[in-house]
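First comes the structure, then the notes that go with it.
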Amino acid sequence: MRLKNVAALVTGASSGIGQAVSSHFRREGARLLLTGRRERLDSVEPDDLYVPGDLNDEAFVEDLAKQAAESLGAVDVVVLNHGLQASSPLTEMASADAKNVLDSNLLSAFLVMKHFAPLMPSEGGSFVCIGSRLGMVGKPGEVLYSAAKGGLIMLAKGAAIEWAPRNIRVNVVAPGLTATPVIEAAIQRSADPEAYRREREGQIPLQRLATPEEVADAVLFFASSESSYITGAVLPVDGGYTAF
Ligand SMILES: NC(=O)c1ccc[n+]([C@@H]2O[C@H](COP(=O)([O-])OP(=O)(O)OC[C@H]3O[C@@H](n4cnc5c(N)ncnc54)[C@H](OP(=O)(O)O)[C@@H]3O)[C@@H](O)[C@H]2O)c1
9 MRLKNVAALV
19 TGASSGIGQA
29 VSSHFRREGA
39 RLLLTGRRER
49 LDSVEPDDLY
59 VPGDLNDEAF
69 VEDLAKQAAE
79 SLGAVDVVVL
89 NHGLQASSPL
99 TEMASADAKN
109 VLDSNLLSAF
119 LVMKHFAPLM
129 PSEGGSFVCI
139 GSRLGMVGKP
149 GEVLYSAAKG
159 GLIMLAKGAA
169 IEWAPRNIRV
179 NVVAPGLTAT
189 PVIEAAIQRS
199 ADPEAYRRER
209 EGQIPLQRLA
219 TPEEVADAVL
229 FFASSESSYI
239 TGAVLPVDGG
249 YTAF
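For the sequence shown, the positions run 9 to 252 when this note's numbering is used.
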């Protein structure tokens with residue numbers, strides 16, 4: 009069990025990649041504090057603690073850190089997986105939507121890092137941020153999301169250096185298109201779902217979407233001692249999309 013005696017926070021645990029990370033961590037023996045926005049979570053196990061709330065709200069993040077300290081004591085691993093995508097041409101995007109994308113992918117990550125780093129034990133800890141292939145390459149219609157995920161990479165790199173003296177490691181897993189409910193729903197909404205799926209798969213060197221479990225495998229690596237000398241790194245899990 010690679011996460012025996014490890015206490016972990018997983019954000020965005022109510023869906024897709026966050027659920028896969030939670031189930032990998034559970035299997036490896038971690039004690040889990042989970043968070044998402046929806047009030048109830050069916051996938052919670054009796055030993056997990058689920059606390060719903062909006063991570064864009066610093067008062068909630070402070071309260072979450074207090075609950076973590078009370079229920080877990082120290083927190084060894086934090087997976088910053090929450091996030092949202094919004095597609096729109098730049099000139100058509102409302103400023104409020106742009107702010108929401110930046111807050112939900114970047115500012116909220118800063119807030120969680122700020123309030124959870126003090127809870128990491130004196131031996132150190134690990135933050136794993138879920139970035140995106142679009143944090144490394146631009147894409148029309150996804151500019152604000154790209155900017156936020158690119159910012160997340162630099163947040164992680166800077167924090168990795170700042171916190172290295174405390175042995176707090178900060179790394180990024182950058183998924184490509186992953187078969188989560190939100191992506192499957194977008195495919196189904198298209199005019200010809202099978203043709204659209206083939207088109208998207210055709211843009212990926214490995215010719216298929218990632219599974220949430222394949223992304224969770226990389227998160228587990230950064231959370232465990234197997235990556236003890238790695239910090240400030242970005243690992244693409246994108247089937248070769250950013251290899252061009
Ligand atoms: N799927 C992909 O193709 C893909 C590719 C690259 C990167 N990613 C990244 O991977 C992560 C997970 O993606 P996914 O596809 O699993 O997404 P998802 O199914 O949409 O899940 C997103 C999660 O984030 C939570 N969340 C969003 N905004 C939040 C906020 N302000 N405060 C608290 N929680 C918030 C959601 O909570 P509720 O649902 O309860 O509201 C949900 O649990 C995201 O950061 C995404 O950008 C995904």
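Backbone N, C-alpha and C define an ideal beta-carbon position, used for all residues, glycine too.
In chain order, what residues of the same chain lie with their CB nearer than 6 Å to the CB of residue i, ignoring the 5 residues before and after it?
i    : result
L114 : A156, G159, L160
L57  : L41, S79
A15  : R39, L80, V83, D84
Could you tell me whether any non-hydrogen atom of ligand 3 is closer than 7 Å to the CB of residue i?
i    : result
P183 : No copy of ligand 3 occurs in the structure displayed; its ligands are ligand 1 alone.
Which residues in the same chain as residue i place their Cβ atom closer than 7 Å to its Cβ, once the five residues preceding and following it in sequence are excluded?
i    : result
I169 : G240
M9   : E36, G37
L11  : F33, E36, G37, A38, A231, S232
L214 : G247, G248
Using DSSP with H/G/I as helix, E/B as strand and the rest coil, what is residue i?
i    : result
N175 : coil
V242 : strand
R39  : strand
P60  : coil
V52  : coil
T219 : coil
A182 : strand
V145 : coil
D200 : coil
A94  : coil
For the beta strand (DSSP E) that contains residue i, what are its first and last residues?
i    : result
S134 : 133 to 138
A16  : 15 to 19
L214 : Looking at the DSSP string, L214 is not in any beta strand (DSSP E), and its letter there is neither H nor E.
Going by other Cβ atoms of all chains shown within 10 Å of its Cβ, with 16 needed for buried, is residue i buried or exposed?
i    : result
P97  : exposed
M162 : exposed
Y4   : There is no way to answer for residue 4, as the model of the chain reaches only from 9 to 252.
T188 : buried
G44  : buried
P54  : exposed
F252 : exposed
D50  : exposed
Along the chain, where does the alpha helix (DSSP H) containing residue i start, and where does it finish?
i    : result
A193 : 189 to 197
L110 : 103 to 110
L115 : Premise fails: L115 is in no alpha helix (DSSP H) and is neither H nor E.
V87  : Run containing V87: none in the alpha helix (DSSP H); it sits in the beta strand (DSSP E), 85 to 88.
Q75  : 66 to 80
Which residues in the same chain as residue i place their Cβ atom closer than 8 Å to its Cβ, once the five residues preceding and following it in sequence are excluded?
i    : result
F118 : L163
V179 : According to the sequence provided, residue 179 is Asn. The question's Val does not apply to it. Answer for N179: S134, F135, V136, C137, A164, A168, F230, S235, I238, T239, G240, A241, V242, L243, listed in chain order.
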